[in-house]
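Notes follow the structure.
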Amino acid sequence: MPSGNGVHVGVYDITERDHIEPQRRRDDIPALAAYCQERGRLYAVNQVFSALTGSRAQADFGIFEDWFPAIETLNGHIPPASNGEADSLAALWRKIPLGGSDSQQQEFLDALKAGHCRARGSSGSARVLTLAVWTIAWNVPQEHAWGFLLAPLILTIPFATVSAAVRDWLFAARWSRRAGFAIARPERDGQPPAPRLPLAPQ
Numbered sequence: 001m002p003s004g005n006g007v008h009v010g011v012y013d014i015t016e017r018d019h020i021e022p023q024r025r026r027d028d029i030p031a032l033a034a035y036c037q038e039r040g041r042l043y044a045v046n047q048v049f050s051a052l053t054g055s056r057a058q059a060d061f062g063i064f065e066d067w068f069p070a071i072e073t074l075n076g077h078i079p080p081a082s083n084g085e086a087d088s089l090a091a092l093w094r095k096i097p098l099g100g101s102d103s104q105q106q107e108f109l110d111a112l113k114a115g116h117c118r119a120r121g122s123s124g125s126a127r128v129l130t131l132a133v134w135t136i137a138w139n140v141p142q143e144h145a146w147g148f149l150l151a152p153l154i155l156t157i158p159f160a161t162v163s164a165a166v167r168d169w170l171f172a173a174r175w176s177r178r179a180g181f182a183i184a185r186p187e188r189d190g191q192p193p194a195p196r197l198p199l200a201p202q
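Taking the working numbering, the leading residue of the sequence shown gets 1, the next gets one more, and so forth.
Listed below in structure tokens is the structure:
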């Protein structure tokens with residue numbers, strides 16, 4: 001980001017060959033956005049209210065609003081508070097709400113681009129994240145001979161994942177409040193979004 005912060009961006013409807021060009025623009029968000037728009041690719045900012053992607057600056061939210069057509073509003077590994085704030089933000093800014101999907105159907109991609117979609121499913125929790133990390137850790141020794149050296153670290157995983165869940169909850173509360181839309185929760189069905197609230201002072 002221009003602020004120096006990092007952000008996760010999902011770019012849809014690309015082939016392995018197409019992946020090269022977005023990678024070349026990974027350190028230049030304006031160039032990446034221009035490329036995706038020129039090629040007609042749907043792209044989204046992911047995990048807006050999760051500290052897993054790093055720090056935020058208030059200027060980042062202006063870029064999210066101005067340059068991104070879609071926002072990930074449901075991620076199965078982050079807490080409900082983070083997903084809920086992202087969902088409210090997408091509704092407020094009339095962005096396309098996205099969740100994870102492995103679908104490769106053209107009709108599905110066309111529907112996403114047209115905004116004819118809703119993100120549904122369950123949010124994450126410390127328990128869900130712990131199980132996911134444990135599964136990864138369990139498979140490491142089976143794939144790499146040196147993996148057994150990491151076995152003692154398995155006991156620390158719950159502490160790390162609970163800490164990550166608490167951090168995300170605090171992160172979402174802080175940035176939704178500072179960016180000025182924590183109380184804006186318009187209804188999705190036929191209701192116009194609430195007017196954007198002024199940004200809170202730094």
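For every residue, glycine included, the Cβ atom is placed at its ideal position computed from N, Cα and C.
Item	Value
For residue 41 and residue 130, the rounded distance between their alpha carbons	34 Å
Candidates 67, 29, 162 and 177: closest to residue 95 by CA position	67
CA nearest to the CA of residue 170, picked from 79, 10, 30 and 133	79
Distance CB(residue 164)-CB(residue 126) smaller than 9 Å	yes
Counterpart residues of residue 72 in DSSP-defined beta bridges	98
For residue 8 and residue 46, believed in contact at Cβ under 8 Å, the rounded distance	4 Å
Closer than 8 Å: residue 55 CB and nearest the ligand GTP heavy atom	No copy of the ligand GTP occurs in the structure displayed, which carries no ligand at all.
DSSP beta-bridge partners of residue 44	10 and 70
Coarse secondary structure for residue 49, derived from DSSP in three states	coil
Member of 34, 11 and 56 whose CA lies at the smallest distance from the CA of residue 4	56
Alpha-carbon to alpha-carbon, residue 132 and residue 111	30 Å
Three-way DSSP call (helix, strand, coil) for residue 179 in this model	coil
Check whether residue 85 and residue 119 have beta carbons under 9 Å apart	no
8 Å Cβ shell around residue 159 - same chain, five flanking residues per side excluded	none
Contacting residues, own chain, Cβ-Cβ under 7 Å from residue 13 (five flanking each side not counted)	41, 42 and 109
Under 9 Å between C-beta atoms of residue 176 and residue 64	no
Nearest-angstrom beta carbon gap, residue 98 and residue 44 [assumed within contact, 8 Å]	5 Å
Distance, residue 2 Cα to residue 29 Cα	8 Å
Straight-line gap, residue 134 to residue 154 (C-alpha atoms, nearest Å)	7 Å
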